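Novice: Supplied in structure tokens, the structure appears directly below.
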Amino acid sequence: MTTSAETIFVTPDGDAGPQHELIPSVSIANLLQQREAVLTLFREVLDKLEQAHTLATAARLGFPDFSMARGWRGHRLHMTGEFANTTTLLETFQACIDAGGWTTLLNDSGMRSVMSASKRKEVDEQIGAEKVPELTREAIRTTFATLHDSRMAMFEQGVIECFRRLSWDYKTNLPQKFGKRMVMTSLTSYGSANMRQADQLDDLLRVFHLCDGKPEADHRTGAYRLITDAMQLTSSWPKLAEHVYISIRLFKNQNGHVTFKRPDLVTRLNRIIVKHYPHALPAPKD
Numbered sequence: 025m026t027t028s029a030e031t032i033f034v035t036p037d038g039d040a041g042p043q044h045e046l047i048p049s050v051s052i053a054n055l056l057q058q059r060e061a062v063l064t065l066f067r068e069v070l071d072k073l074e075q076a077h078t079l080a081t082a083a084r085l086g087f088p089d090f091s092m093a094r095g096w097r098g099h100r101l102h103m104t105g106e107f108a109n110t111t112t113l114l115e116t117f118q119a120c121i122d123a124g125g126w127t128t129l130l131n132d133s134g135m136r137s138v139m140s141a142s143k144r145k146e147v148d149e150q151i152g153a154e155k156v157p158e159l160t161r162e163a164i165r166t167t168f169a170t171l172h173d174s175r176m177a178m179f180e181q182g183v184i185e186c187f188r189r190l191s192w193d194y195k196t197n198l199p200q201k202f203g204k205r206m207v208m209t210s211l212t213s214y215g216s217a218n219m220r221q222a223d224q225l226d227d228l229l230r231v232f233h234l235c236d237g238k239p240e241a242d243h244r245t246g247a248y249r250l251i252t253d254a255m256q257l258t259s260s261w262p263k264l265a266e267h268v269y270i271s272i273r274l275f276k277n278q279n280g281h282v283t284f285k286r287p288d289l290v291t292r293l294n295r296i297i298v299k300h301y302p303h304a305l306p307a308p309k310d
């Protein structure tokens, strides 16, 4: 756990800045130092294993087959013996370490909170596949700057994506705008919140927060946490999740009925829709 002394604030270009900046972060320098220490220890482990295997083979002793799992499918890489490939082992280990490092940075820096649902999904898939840039200060700076520069685009795109994903099978969902309420399908799953759908709801809450003059909400206390807490609070249905901007009734069929508490903020959502679809809303009456 980092201490307050290790906490810095990151400017849009990824550099440490004063504490009034919007993006708090764990210490990048400390994280990179720990990363290098872990990689060094792993290299030493491989060297020791190779030495032990060579010694055992020369003495005609037995030696166990050490292997390392690669990816969630469990494909294993030999760490000793004739099939061991040190280069591949180091590359695979580093990719795993870096994937975890990017997760930590994006979560603790607050950058995940500014991402749209689709961007979160894209990043999660890259991290899950361990297809991420090498964790360096320059890569961190570039990634943070790119995400910061695209905040407004993600801000609007998140609203559009949430709107387009609504099912028109429900009369509550209006095909041309957000109304007083909306029905979201598959908002829960296996007794908890559906992360992807909760991310869609976070896209709307982000607009509400910023248009209401408040800082962007931390994703760790966002819609997923709100819904999960409501699911665990009682065994009866429907379940109720209350937020300062919305009220959600959760039903056994996994749907959620969302009621907006601030019509003025819903108007801001609809302005974004009109910006992208100029003919979505009817012209005002004379």
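The sequence shown maps to residues 25 to 310 in the numbering used here. We put the beta carbon where it would ideally sit given N, CA and C, even for glycine. Everything numeric in this text was worked out from a predicted model, so none of it was measured.
(1) What residue does the beta strand (DSSP E) around Ser91 start on, and which one ends it?
(2) Going by CA-CA distance only, name the one from Glu146, Phe284, Met255 that's closest to Tyr269.
(3) Would you call the region 169-177 and the region 54-66 touching, i.e. three or more CB-CB distances under 8 angstroms?
(4) Based on Cα-Cα distance, which residue from Ser91, Asp132, Lys238 lies nearest to Thr112?
(5) In angstroms with no decimal places, state the Cα-to-Cα distance between Gln181 and Lys155.
(6) Is Glu266 near the ligand NAD, with its Cβ less than 7 angstroms from a heavy atom?
(7) Cα-Cα, which of Glu240, Pro157, Ala254 is closest to Gly134?
(8) Given a cut-off of 8 angstroms on the beta-carbon distance, is the pair Thr104 and Leu56 in contact?
(9) In angstroms with no decimal places, state the Cα-to-Cα distance between Leu264 and Ser271.
(10) Name the one or two DSSP bridge partners that Gly280 has.
(11) Give the straight-line distance between the Cα atoms of Asn54 and Val138, rounded to the nearest whole angstrom.
(12) Would you tell me roughly how many angstroms separate the C-alpha atoms of Ala119 and Arg244, rounded to the nearest one?
(13) To the nearest angstrom, report how far apart Glu149 and Arg84 are at their CA atoms.
(14) Locate the beta strand (DSSP E) running through Lys263, then write down its first and last residues.
(15) Taking the beta strand (DSSP E) that His102 falls in, what are its first and last residues?
(16) Any idea what DSSP makes of Ala163, helix, strand or coil?
(17) Is the number of C-beta pairs between the region 161-171 and the region 193-209 that are closer than 8 angstroms three or more?
(18) For a quick check, are the C-beta atoms of Met208 and Thr196 less than 8 angstroms apart?
(19) Using only CA atoms, which one of Arg220, Arg59, Gln278, Leu234 lies nearest to Trp261?
(20) Is the beta carbon of Arg321 less than 8 angstroms from the beta carbon of Leu159?
(21) So what does Ala108 bridge to, in DSSP terms?
(22) Bridge partners for Ser51 per DSSP, in chain order?
(23) For Ser216, which three-state DSSP category applies?
(24) Assign Gly152 to one of two classes, buried (16 or more other C-beta atoms within 10 Å of its C-beta) or exposed (fewer than that).
(25) Verify whether the separation of the beta carbon atoms of Leu228 and Val298 is less than 8 angstroms.
(26) Just the C-alpha distance for Arg230 and Thr128, rounded to the nearest angstrom, thanks.
Specialist: Taking the geometry as given:
(1) Residue mapping note: residue 91 aligns to position 67 of the sequence shown, counting from 1. Counting along the chain, the beta strand (DSSP E) containing Ser91 begins and ends at 91-94.
(2) Position 245 of the sequence shown, counted from the first residue, corresponds to residue 269. Nearest of Glu146, Phe284, Met255 to Tyr269, Cα basis: Phe284.
(3) no
(4) Within the sequence shown, numbered from 1, the residue matching residue 112 stands at position 88. With distances taken between Cα atoms, Thr112 lies closest to Ser91.
(5) Residue 181 sits at position 157 when you count from the first residue of the sequence shown. Residue 155 sits at position 131 when you count from the first residue of the sequence shown. Distance between the alpha carbons of Gln181 and Lys155: 25 angstroms.
(6) Ligands in the displayed structure: none, and consequently the ligand NAD is not present.
(7) Residue mapping note: residue 134 aligns to position 110 of the sequence shown, counting from 1. Per the Cα distances, Glu240.
(8) Position 80 of the sequence shown, counting from 1, holds the residue named residue 104. Position 32 of the sequence shown, counting from 1, holds the residue named residue 56. No; because the gap between Cβ atoms is not below 8 angstroms, this pair is not in contact.
(9) Within the sequence shown, the letter at position 240 stands for residue 264. Within the sequence shown, the letter at position 247 stands for residue 271. Each residue's Cα considered, the two are about 7 angstroms apart.
(10) For the purposes of this step, residue 280 is taken as the residue at position 256 of the sequence shown. Looking at the DSSP assignment, Gly280 forms a beta bridge with Met208, Leu274.
(11) Position 30 of the sequence shown, counted from the start, is the residue given in the question as residue 54. Position 114 of the sequence shown, counted from the start, is the residue given in the question as residue 138. Taking the straight line from one Cα to the other gives about 24 angstroms.
(12) Here residue 119 is taken as the residue at index 95 of the sequence shown, counted from 1. Here residue 244 is taken as the residue at index 220 of the sequence shown, counted from 1. For Ala119 and Arg244, the distance between alpha carbons rounds to 25 angstroms.
(13) On the sequence shown, position 125 is the one that residue 149 refers to. On the sequence shown, position 60 is the one that residue 84 refers to. Near 46 angstroms, if we compare the C-alpha coordinates of Arg84 and Glu149.
(14) Locating residue 263 in the sequence shown gives position 239, counting from the first residue. First-last of the beta strand (DSSP E) with Lys263: 263-266.
(15) In the sequence shown, counting from the first residue as 1, residue 102 sits at position 78. Start and end: 99-102.
(16) Residue mapping note: residue 163 aligns to position 139 of the sequence shown, counting from 1. Note: Ala163 maps to helix in three-state DSSP.
(17) Verdict: no, contact absent.
(18) Position 184 of the sequence shown, counted from the first residue, corresponds to residue 208. Position 172 of the sequence shown, counted from the first residue, corresponds to residue 196. Contact flag unset, no.
(19) Reading the sequence shown from its first residue, position 237 is the one you call residue 261. The shortest Cα separation from Trp261 among Arg220, Arg59, Gln278, Leu234 belongs to Gln278.
(20) The structure shown does not extend to residue 321, since the chain is modelled only from 25 to 310, so the question has no answer here.
(21) As a position in the sequence shown, residue 108 is number 84, starting the count at 1. Partner(s): none; Ala108 has no beta bridge.
(22) Position 27 of the sequence shown, counted from the first residue, corresponds to residue 51. Beta bridge pairing from DSSP links Ser51 with no other residue.
(23) Walking along the sequence shown from the start, residue 216 turns up at place 192. The answer is strand: DSSP assigns Ser216 an E or B state.
(24) Residue 152 sits at position 128 when you count from the first residue of the sequence shown. With fewer than 16 Cβ atoms within 10 Å of its Cβ, Gly152 is classed as exposed.
(25) By 1-based counting over the sequence shown, the position of residue 228 is 204. By 1-based counting over the sequence shown, the position of residue 298 is 274. Not closer than 8 angstroms, so no.
(26) Locating residue 230 in the sequence shown gives position 206, counting from the first residue. Locating residue 128 in the sequence shown gives position 104, counting from the first residue. Using only the alpha carbons, I get a separation of about 21 angstroms.
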